[in-house]
Amino acid sequence: MSSNIKVQRICQHCGNEFTAKTTVTKYCGDNCAKRAYKKRKREESISVSNQETQEIVAQPIRVIQEKDFLSLDEAAKLLSVSRTTLYRMRKDGAIQFALIGKKKVISRKSIDQLFNHTP
2 MSSNIKVQRI CQHCGNEFTA KTTVTKYCGD NCAKRAYKKR KREESISVSN QETQEIVAQP
62 IRVIQEKDFL SLDEAAKLLS VSRTTLYRMR KDGAIQFALI GKKKVISRKS IDQLFNHTP
């Protein structure tokens, strides 16, 4: 059973007007359909890559959040500040460091108190 309908449509890829023989036709021809397919697959690939990148970036932060004692670099990354800012906060008395050998560490409680402290 064939139909003799002809519908004026606009190609979803190139935007040109064309005559379609069915009501579900999206593209004016095979070339536009192939190009749209490639574009769709390329965008899917890019979105998967972006998700993987975000997971890799978020993983170290999760590890830092679980620790009880943080190095200066880890604390700076967790608070999104520089090491200089941490030294300034120590000078102002807002945060305290502990020395373990030559390494300076900050307790997680000290950071939590920084946010719970009301001026």
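Its first residue numbered 2, the sequence shown is counted upward by one per residue in this note's numbering. Where is the CB? At the ideal position from N, CA and C, for every residue including glycine. Please read these numbers as outputs of a predicted model, since none were measured by experiment.
- The beta carbons of S108 and F70 sit about 6 Å from each other, so the pair counts as a contact at 8 Å.
- Contact annotation: K27 and A34 have beta-carbon atoms nearer than 9 Å.
- Looking at the DSSP output, E18 bridges to I11.
- Contact between I65 and E75 holds: CB atoms are separated by about 5 Å, below the 8 Å threshold.
- By the neighbour-count criterion, in which a residue is buried when 16 or more other Cβ atoms sit within 10 angstroms of its Cβ, L115 is exposed.
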